[in-house]
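Asks: After the structure tokens below, expect a handful of questions from me.
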Amino acid sequence: MGVRQEDDINAKIIPPKEQIVATNFDLQEISDDIEIKVKKYLRGEGANLEVLHDKKLKGQLAVREELYGKSAKAAAKAEKWLMPSEGGYLEAEGIEKTWRIKQEAIAREVDILSRKNQHDIVLPELGPYTMNFTSSGRYMAVAGRKGHLAIIDMKSMGLIKEFQVRETVRDVVFLHNEQFFAAAQKKYPYIYNRDGTELHCLKEHGAILKLQFLKNHFLLASVNKFGQLHYQDVTTGQMVGNYRTGHGRSDVMRVNPFNGVIGLGHSNGSLSMWKPTSSAPLIKMLCHHGPVSALAFHSNGHLMATAGMDRKIKLWDLRKFEVLQTLLGHAKTLDFSQKGLLAASTGSFVQILGDFSGSQNYSRYMNHSIAKGYQVRNVLFRPYEDVLAIGHSMGWSSILIPGSGEPNFDSWVANPFETSKQRREKEVKSLLDKLPPETIMLDPRKIGTMRPMRKKEKPSKQERDAEMEAAVADAKNSITRKKKTKGRNKPSKRSKKVQEAVERAKRPFLEEELSQKKKQKISEQSELPKSLQRFVRKAA
Amino acid sequence: MWVCPNCQEAKLGYRRYCRRRVPLKPESACALSLLLSFFTTEMAETKRKTRDYNNRQGNKKRKVSSFKTLKSKSEKNNNDGERRKRTGPRLPNALRKELEHMGRTNRSNSDDEEIDSDDANDVYEYEEAIPEEESMKNRRFDPVENFEYELPKEFKDENVASEDDDDDSDGEDDGSREYQEGDEADGSRHARMLQDITGLPVEAFEGKKRKNDVVLSEAYPESEYNPSRDVLNGDGRISIQDLVDPLHGKSGFSKLRKSMHRMEKKSTPILAPLPKADREKLERKVTYEQSKKDITKWEPLVKRNREAPTLYFDEDVDLGFSTIGAIASEFEPRTEFEKKISALVNDNEVLEAHKKDGARLLELNKISVEDVKDHQDRLAKMRTLLFRHEMKAKRIKKIKSKTYHRLLKKDGLKAAVAEMEMNPEAAKELAMKQEFKRAEERLTLKHKNSSKWAKRILKRGLDVQDEGTRAAIAEQLHQHALLTRKMKSMKDNSSSDDSSDEDYGDDISDSSDQDRASKLLEKAKEKTLGVINEDGEVPKSGVLSLPFMVRGLQKRKETADEEAKLALEEYESSLKQLEGKRVIENVKKGTASGRRIFGAAKKHVEDSSNKIKVDNYYGSSDSEDNLEAKEDIDVDRSNNFKDEINFDPDLLREESEIGHNSFFKSLEDIVKDAGPKTTYEVAIFAADSWKKANNERSKCEKVADVNMKNSSKVDKPVLHDHDIEDVEDGSDSDSEGQMVDGILSSGTKPTYELPSQADLIRRAFAGDDVEDDFEKDKEQVLNEENPEPEKPVLVPGWGQWTNIQQKNGLPSWMLQEHDNARKKREEALKKRKDAHLKHVIISEKLDKKAEKLHTKTLPYPYTSKEVFEQSIRMPIGPEFNPVTTIGALNRPEVVKKAGVIIKPIKFEDVNPHERGEDHKRSGQKKKKSTGGSIKRNTNKIKVK
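The following block contains the structure:
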């Protein structure tokens with residue numbers, strides 16, 4: 001594409017450039033580079049085989065490990081040599097600061113295609129805008145608060161469909177591709193297709209404040225006015241989960257792209273994370289002293305940014321649930337780019353933070369202020385492009401943030417140049433690969449591992465005793481004394497009857513106890529040889 | 001005993017194997033039984049030692065072979081007298097005596113002979129172990145003097161004799177036998193003694209002595225049944241020497257002799273064969289060793305196959321043909337047809353003709369005369385057939401028989417029906433025809449008793465007619481009914497239309513109702529108008545032209561006109577209402593469904609005005625959105641109403657004015673309300689660069705800003721949108737109706753709202769108790785997940801008999817239990833992931849649905865969880881791995897093409913060490929190369 005360009009403000013804008021395969025590369029450097037990548041692709045250390053006693057297993061695992069190594073190496077090489085371009089960035093020279101560089105300055109330096117990405121769309125009537133991109137970044141859905149919905153092809157900058165629903169639209173989100181999108185309207189969310197035809201009205205959700213779509217699980221998640229979280233499977237229409245968050249109204253919701261866990265920010269400064277199969281939040285953490293105003297997840301799943309009304313932006317390590325960094329300032333909306341830049345915005349001011357030291361230490365990277373009085377409602381990085389879209393009260397604008405987007409797209413994952421046939425194929429494939437909702441968990445890498453130890457859930461002895469006593473008392477009371485013929489109502493007979501009833505009531509408890517004891521005995525007895533132990537059925 | 005003929009001495013050393021294989025000359029079958037009885041009795045009375053000996057001796061002599069040989073041999077058995085008396089079928093006494101006579105001399109030789117004959121019929125063998133003490137094995141036992149053998153010297157004779165005496169019943173021969181026996185017994189005793197002294201078998205001493213004892217009785221000519229004396233002595237046997245002698249002096253003799261000497265010298269005794277079990281054991285051992293050696297060579301091969309992650313059985317399978325041409329070249333015509341074709345195709349002439357030019361082909365194209373004739377004949381035949389058919393058709397056409405045609409018609413109908421079922425096109429045609437008929441019938445009423453004939457009959461009266469006529473009439477009517485009946489089949493289109501109408505459904509039904517009503521009203525209106533406009537045509541003549549009558553009429557007309565006008569007004573109003581309803585409905589629909597509405601909707605004036613009035617009551621504290629909304633309404637109204645509602649424009653104007661007024665009023669209210677607050681500085685915010693549509697708005701903004709300023713004490717001035725939206729939501733309900741048209745007022749509408757007082761307060765004190773709340777929350781969750789143990793409670797009446805017990809309090813075990821439970825809980829709490837995180841609650845609830853995503857137990861070969869989990873850390877799917885390695889990662893254990901025969905394993909040389917190293921690399925190597933060395937090597941092997 002281009003090489004470095006000098007520019008008059010002594011700063012350098014390095015656009016995404018194709019990698020030059022040079023022969024005089026320092027080989028050492030290359031090998032180091034590859035080693036790092038190999039490590040990345042190895043996904044952690046292999047098992048320590050020295051400890052193993054089983055020679056056969058050892059051999060098998062050794063072979064496996066070698067295969068893994070091979071695969072990782074191949075992947076690293078592919079990444080090294082086949083990925084065409086690396087991300088661009090801003091480079092300041094001397095006393096220049098990257099955040100002083102204005103969009104106009106950038107515009108002068110970049111190519112025409114990129115310049116096209118700098119634009120303002122002024123739509124004053126229909127209120128602050130919010131938007132959403134498809135995973136490939138090719139299409140953008142735009143929703144004006146006052147009922148304006150539109151789909152735009154960002155490549156050709158062509159309007160695909162635009163219509164008005166004539167009621168409040170609070171959020172819009174694409175479903176698995178650009179063919180469908182959901183809009184949270186005044187009373188219910190609706191699903192429209194690309195042509196603006198209403199397909200569904202999801203009445204069960206109620207008045208939705210925020211919508212999110214989980215691509216891999218085909219779940220539409222929403223939180224409504226009353227703080228109820230809904231998960232609906234969009235393939236079957238089945239309502240997968242419906243939970244009360246118990247913290248009242250909340251319109252801060254984001255999906256963690258790494259594991260599909262949904263984060264909700266609450267007005268009491270706490271943040272809860274949810275999965276569709278449990279009614280209690282997975283995580284609840286107190287992030288701010290004021291209401292949480294915005295939330296964003298890094299795509300690697302480790303990093304989370306929250307902003308609160310207490311004028312703080314906090315970066316969290318989600319592995320340890322600890323604050324990494326606290327920045328002063330307010331943000332009404334936050335978003336992480338694919339490359340890890342963080343955009344925060346309040347009022348008509350947008351700030352982009354970057355982590356350039358590699359130590360999760362975010363610092364100012366770029367600033368941008370739109371016309372005064374424009375109230376930013378939403379900022380969103382466009383995938384696979386160095387573009388930040390800003391939805392505000394007067395329409396939306398799009399600015400260039402060098403180094404924000406992933407320069408290399410994987411056409412199997414998200415293809416900005418997708419043909420309709422590819423899209424169809426991908427739709428089918430993704431439907432086949434659809435993950436069930438229970439696969440959403442904090443650490444999805446735990447899938448397939450040993451089941452975590454179950455806490456004993458059988459009632460304690462006291463409880464059992466209490467239960468038995470209650471049953472006995474019931475049995476005693478249940479005996480009604482009828483006036484019987486002479487001789488039938490003798491005290492001895494009565495007491496006998498009571499005795500019988502009590503025994504009947506006690507029997508199941510005693511039997512249970514007995515059976516437990518037996519089980520214990522059996523388990524003690526059967527000390528099988530190791531090779532046979534795997535056939536023993538575990539007591540469920 | 002089995003002895004080498006060359007050297008009987010050799011056997012001495014092998015007494016240890018004291019098993020005798022003694023072939024007994026078989027006299028008869030009963031000899032055996034006798035023998036048995038002999039043994040039983042004898043054993044009972046003799047001492048162990050002697051019995052042992054006797055057994056040895058006796059066994060030697062008895063044997064059963066076959067009953068047949070007995071008779072032939074019985075005659076020449078004269079020489080083994082001793083035996084004879086103990087055996088089988090008796091010879092007549094006389095004969096026996098004679099035999100005894102003869103046999104007395106050579107009896108003693110019998111043993112030897114027996115021994116020789118051993119080789120031949122080795123049928124029965126008896127094995128008896130020597131007691132261990134005697135066998136002197138391993139010197140395990142102390143050497144003991146054989147005291148027993150000192151005793152026999154005293155009562156030697158009786159003992160031995162008794163052995164023979166017991167046995168027999170032929171007492172006549174006693175004397176002579178005793179003598180002999182004594183003789184023999186002497187010999188045997190001597191031998192026994194020798195044996196006992198030397199420890200060598202008896203035979204060793206017997207050999208020489210016996211040789212001389214042979215007596216020959218030449219009563220018979222020499223034959224094979226009657227051996228000569230030489231033979232019996234053993235002298236007559238042909239020795240090697242005999243064979244060699246004639247060769248004396250011939251070339252090579254000396255050599256032969258030398259070798260023979262050598263052999264004789266060297267000749268060692270052939271060992272007695274081992275017992276079968278031992279022999280077999282040894283054999284097995286050797287075989288095992290051998291096969292072990294043999295099998296170990298497979299070890300590296302098998303090891304390699306076991307360790308290989310994948311075995312390949314896909315030898316390159318040669319399918320043979322690769323192209324169609326190749327297949328075609330192999331084609332051989334089989335059927336008659338194919339042969340003919342191939343003959344034609346491969347005809348040399350044709351081929352040549354093709355090669356050369358077309359002229360030759362034409363030549364080949366000749367047709368024979370017969371062919372032409374044949375063809376002509378066929379044509380002629382066809383023509384005649386056609387002609388006949390034509391004639392037939394003509395004839396049929398000419399037939400005038402009614403029944404015939406009726407039948408024909410019926411047939412035709414049937415065919416048509418059948419066709420109709422099959423062919424939709426035909427069905428359609430038929431239906432059309434029927435429809436036409438129906439229309440015709442309805443038009444002409446041909447069958448509705450309108451014919452002359454029918455009329456006549458009806459005129460006469462049906463009752464008088466005869467049955468046939470009545471039936472005919474009825475038939476006609478029926479026909480009519482049939483013809484005029486609505487045809488369902490033809491209504492397909494219309495019915496589908498209906499259903500599609502219904503699809504539109506509910507939306508339209510209401511409106512259509514209303515439409516009908518409005519139409520009616522309109523009609524009525526027109527009529528009344530007509531009445532009004534009607535010229536009061538005053539009759540010029542007659543009674544009615546009289547002046548008072550005219551006046552009266554006019555009065556009446558006036559009243560009527562008035563009535564009509566009233567009615568008209570009514571109609572109009574109701575019409576308006578109807579339209580209004582429709583609008584409202586549309587609006588409602590819009591609001592309810594959130595659907596877009598195409599085309600401008602009409603609005604009822606009164607309704608909107610009402611709304612505006614209502615808006616006025618909202619009071620000033622409401623948000624600015626109301627104002628906007630009102631504005632919207634105004635604009636809408638002016639737009640819509642000008643275009644479409646052409647009645648009562650005045651009223652509309654008035655209403656809209658009212659609306660504006662109210663709007664201003666409310667604004668003023670706001671300003672007034674805000675008045676006391678405007679003491680704050682507002683200039684900063686007033687200096688915004690926004691366009692200001694009018695004064696009102698700017699005022700309004702100021703107010704908003706002021707309020708914001710208030711709120712900004714808590715937060716930054718800009719932080720307000722959170723609540724703006726909330727308020728907006730509230731205001732949605734108002735503004736909705738106005739958004740119907742989608743044509744909204746121009747100009748910016750900043751969306752500032754004022755947070756409510758409560759909100760402000762809440763926000764101001766937000767941070768105060770958040771932490772406490774959260775801690776409480778956490779405690780609650782912890783208690784839920786790890787419940788606190790119950791406090792120990794004394795059951796009333798227990799342990800409270802005395803004061804002392806009461807003072808002692810709860811029993812110690814209860815306290816201990818409680819303590820334990822508490823400790824356990826604390827430990828559990830400490831183990832929680834969020835134990836050290838004050839502001840985090842990590843739920844430890846188990847997700848039952850997610851349990852199926854985990855393994856219950858460790859999969860088999862694994863013994864540790866860590867190793868297992870590390871082994872599955874890498875995804876092996878195609879999404880996560882490069883194409884080059886994905887195959888290797890997912891390769892099955894055995895790769896085999898369908899249909900390939902797996903041959904048994906073949907041996908090949910594998911260097912185990914090299915393999916071992918190679919193997920480590922093999923994983924990758926295999927994946928990459930389809931023809932790696934390993935692959936080649938393993939492709940015939942299946943080890944599972």
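Chains A and B are the protein sequences, given in the same order. Under the UniProt record's numbering, the letters of the first sequence match residues 1 to 540, in that order. Under the UniProt record's numbering, the letters of the second sequence match residues 1 to 944, in that order. Idealized CB from N, CA, C, for every residue including glycine.
Taking Trp412 of chain A as the query, report the chain B residues whose CB atoms sit under 8 angstroms from its CB, ordered along the chain.
Replies: Here residue 412 of chain A refers to the residue found at position 412 when the first sequence is read from its first residue. Glu879, listed in chain order.
Asks: Within 9 angstroms (strictly less), CB to CB, does Ala888 of chain B reach chain A?
Replies: The count along the second sequence starts at 1 and reaches residue 888 of chain B at position 888. True, the Cβ-Cβ gap to chain A drops below 9 angstroms.
Asks: Please say whether Trp274 of chain A and Gly263 of chain A have beta carbons closer to each other than 9 angstroms?
Replies: Looking up residue 263 of chain A in the first sequence gives position 263. Looking up residue 274 of chain A in the first sequence gives position 274. Yes, they are a contact pair.
Asks: Do we get a CB-CB distance below 9 angstroms when we pair Gly448 of chain A with the residues of chain B?
Replies: Stepping through the first sequence from its first residue, residue 448 of chain A is reached at position 448. Chain B contact via Cβ: present.
Asks: Just checking: is the beta-carbon of Leu837 of chain B within a distance shorter than 9 angstroms of some beta-carbon in chain D?
Replies: The chain inventory of the structure shown lacks chain D, comprising the protein chains A and B.
Asks: For the segment 40 to 50 of chain A against the segment 65 to 80 of chain A, do three or more pairs of beta-carbon atoms, one drawn from each stretch, fall closer than 8 angstroms, so that the two count as touching?
Replies: Segments in contact, yes.
Asks: Can you check DSSP and say which residues form a bridge with Phe163 of chain A?
Replies: Translated into the one-based positions of the first sequence, residue 163 of chain A becomes position 163. Phe163 of chain A is bridged by DSSP to A:Leu149.
Asks: Give the residues from the segment 276 to 287 of chain A that approach chain B closer than 7 angstroms (Cβ to any Cβ), ordered along the chain.
Replies: Taking a C-beta cut-off of 7 angstroms against chain B, the contacting residues of the segment 276 to 287 of chain A are Thr277, Ser278, Ala280, Pro281, Leu282, Ile283, Lys284, Met285 and Leu286, listed in chain order.
Asks: Please report the distance separating the alpha-carbon of Leu462 of chain B from that of Thr444 of chain B.
Replies: Within the second sequence, numbered from 1, the residue matching residue 462 of chain B stands at position 462. Within the second sequence, numbered from 1, the residue matching residue 444 of chain B stands at position 444. Near 23 angstroms, if we compare the C-alpha coordinates of Thr444 of chain B and Leu462 of chain B.
Asks: Count the other CB atoms, across all protein chains shown, that sit within 10 Å of the CB of Glu109 of chain A; report buried if there are 16 or more and exposed otherwise.
Replies: Here residue 109 of chain A corresponds to residue number 109 of the first sequence, with the count starting at 1. Answer is buried; the Cβ neighbour count reaches 16.
Asks: Are the C-beta atoms of Val812 of chain B and some chain A residue less than 9 angstroms apart?
Replies: Translated into positions along the second sequence, residue 812 of chain B becomes position 812. Per the sequence shown, the amino acid found at residue 812 of chain B is Ser instead of Val. No, Ser812 of chain B lies away from the interface with chain A (no Cβ there is under 9 angstroms from its Cβ).
Asks: Considering only their Cβ atoms, is the gap separating Gly395 of chain A from Pro84 of chain A smaller than 9 angstroms?
Replies: Here residue 84 of chain A is taken as the residue at index 84 of the first sequence, counted from 1. Here residue 395 of chain A is taken as the residue at index 395 of the first sequence, counted from 1. Not a contact, by the Cβ cut-off of 9 angstroms.
Asks: Are the segment 860 to 871 of chain B and the segment 440 to 451 of chain A in contact at 8 angstroms, needing three or more beta carbon pairs?
Replies: yes
Asks: Please report the distance separating the alpha-carbon of Val169 of chain A from that of Gly127 of chain A.
Replies: Position 169 of the first sequence, counting from 1, holds the residue named residue 169 of chain A. Position 127 of the first sequence, counting from 1, holds the residue named residue 127 of chain A. The alpha-carbon atoms of Val169 of chain A and Gly127 of chain A are separated by roughly 10 angstroms.
Asks: Quick check: is the beta carbon of Pro452 of chain A nearer than 9 angstroms to any beta carbon in chain B?
Replies: Translated into positions along the first sequence, residue 452 of chain A becomes position 452. It does; some Cβ of chain B falls within 9 angstroms.
Asks: Would you mind sorting Ser368 of chain B into buried or exposed? The rule is 16 or more other CB atoms within 10 Å of its CB.
Replies: The count along the second sequence starts at 1 and reaches residue 368 of chain B at position 368. By the neighbour-count rule (16 or more Cβ atoms within 10 Å), Ser368 of chain B is not buried but exposed.
Asks: Quick one: is Arg504 of chain A buried, meaning 16 or more other Cβ sit within 10 Å of its Cβ, or exposed?
Replies: By one-based count along the first sequence, residue 504 of chain A stands at place 504. That one is exposed.
Asks: Given that a residue counts as buried once 16 or more other Cβ atoms are within 10 Å of its Cβ, and exposed if not, what is Pro402 of chain A?
Replies: Taking the first residue of the first sequence as position 1, residue 402 of chain A is located at position 402. Counting Cβ neighbours within 10 Å, Pro402 of chain A comes out buried, since at least 16 surround it.
Asks: Can you give the Cα-Cα distance for Ile479 of chain A and Val502 of chain A, rounded to whole angstroms?
Replies: Position 479 of the first sequence, counted from the start, is the residue given in the question as residue 479 of chain A. Position 502 of the first sequence, counted from the start, is the residue given in the question as residue 502 of chain A. Looking at the two C-alpha atoms, the distance is approximately 10 angstroms.
Asks: Could you tell me if Phe417 of chain A is buried or exposed, where buried requires 16 or more neighbouring beta carbons within 10 angstroms of its beta carbon?
Replies: By 1-based counting over the first sequence, the position of residue 417 of chain A is 417. Phe417 of chain A should be labelled exposed.
Asks: Taking Ser756 of chain B as the query, report the chain A residues whose CB atoms sit under 9 angstroms from its CB, ordered along the chain.
Replies: Here residue 756 of chain B is taken as the residue at index 756 of the second sequence, counted from 1. Within 9 angstroms Cβ-Cβ: nothing; Ser756 of chain B doesn't reach chain A, min ~13 angstroms.
Asks: What is the rounded straight-line gap between the Cα of Met366 of chain A and the Cα of Thr98 of chain A?
Replies: Here residue 366 of chain A refers to the residue found at position 366 of the first sequence. Here residue 98 of chain A refers to the residue found at position 98 of the first sequence. If you take the alpha carbons of Met366 of chain A and Thr98 of chain A, they lie about 6 angstroms apart.
Asks: Considering only the alpha carbon of each residue, which of A:Phe163, A:Ile370, A:Lys496 and A:Met453 lies closest to Glu844 of chain B?
Replies: Reading the second sequence from its first residue, position 844 is the one you call residue 844 of chain B. The candidate whose alpha carbon is nearest that of Glu844 of chain B is A:Met453.
Asks: Under a three-way DSSP split, which group does Leu315 of chain A fall into?
Replies: Taking the first sequence and counting its residues from 1, one reaches residue 315 of chain A at position 315. Looking at Leu315 of chain A - three-state DSSP - the assignment turns out to be strand.
Asks: Taking the C-alpha atoms as reference points, what is the distance between Arg364 of chain A and Gly354 of chain A?
Replies: For the purposes of this step, residue 364 of chain A is identified with residue 364 of the first sequence, where counting begins at 1. For the purposes of this step, residue 354 of chain A is identified with residue 354 of the first sequence, where counting begins at 1. Their Cα atoms are separated by approximately 6 angstroms.
Asks: In the DSSP assignment, find the alpha helix (DSSP H) that holds Val369 of chain B and state where it starts and stops.
Replies: One-based indexing of the second sequence puts residue 369 of chain B at position 369. Judged by DSSP secondary structure, Val369 of chain B falls within the alpha helix (DSSP H) whose first and last residues are Val369 to Lys398.
Asks: Report the partner residues of Tyr190 of chain A according to the DSSP bridge assignment.
Replies: Position 190 of the first sequence holds residue 190 of chain A. According to DSSP, Tyr190 of chain A bridges with A:Ala183 and A:Cys201.
Asks: Considering just the uninterrupted stretch of the alpha helix (DSSP H) at Tyr862 of chain B, what are its terminal residues?
Replies: As a position in the second sequence, residue 862 of chain B is number 862, starting the count at 1. Tyr862 of chain B -> no alpha helix (DSSP H), and no H or E assigned at all.
Asks: Determine, using beta-carbon pairs with one atom in the segment 421 to 438 of chain A and one in the segment 366 to 383 of chain A, whether at least three such pairs fall under 8 angstroms.
Replies: no
Asks: When you compare only the Cα positions, how much space is there between Leu407 of chain B and Asp374 of chain B?
Replies: In the second sequence, residue 407 of chain B corresponds to position 407, counting from 1. In the second sequence, residue 374 of chain B corresponds to position 374, counting from 1. One C-alpha to the other measures close to 42 angstroms.
Asks: Hey, could you find the ends of the beta strand (DSSP E) Asn367 of chain A is sitting in?
Replies: Here residue 367 of chain A corresponds to residue number 367 of the first sequence, with the count starting at 1. Where Asn367 of chain A is concerned, the enclosing beta strand (DSSP E) stretches over Ser363 to Ser369.
Asks: The beta strand (DSSP E) that contains Gln118 of chain A, what's its start and end?
Replies: To locate residue 118 of chain A, count along the first sequence from 1; it is residue 118. For Gln118 of chain A, there is no enclosing beta strand (DSSP E), as DSSP marks it with neither H nor E.
Asks: Under 7 angstroms between beta-carbons, which chain A residues line up against Ala850 of chain B? List them in chain order, please.
Replies: Position 850 of the second sequence, counting from 1, holds the residue named residue 850 of chain B. Ordered by position in chain A, the residues that pass the 7 angstroms Cβ test against Ala850 of chain B are Thr277, Glu438 and Met441.
Asks: So, with DSSP's three-state summary, where would you put Val671 of chain B?
Replies: In the second sequence, residue 671 of chain B corresponds to position 671, counting from 1. Residue placement at Val671 of chain B is poorly supported in this model, since its pLDDT is 42, which falls under 50; the coordinates still yield a value, given next. Of the three classes helix, strand and coil, the one that applies to Val671 of chain B here is helix, per DSSP.
Asks: With a threshold of 16 other CB atoms inside 10 Å of the CB of Pro26 of chain B, please say whether the residue is buried or exposed.
Replies: The residue given as residue 26 of chain B occupies position 26 in the second sequence. For Pro26 of chain B, the predicted structure reports a pLDDT of 42, less than 50, and the residue's modelled location is therefore unreliable. The matter cannot be settled from this model.
Asks: Would you say Ser430 of chain A faces chain B, with C-beta separation under 9 angstroms as the test?
Replies: Within the first sequence, residue 430 of chain A is the residue found at index 430, counting from 1. It does not; no Cβ of chain B falls within 9 angstroms.
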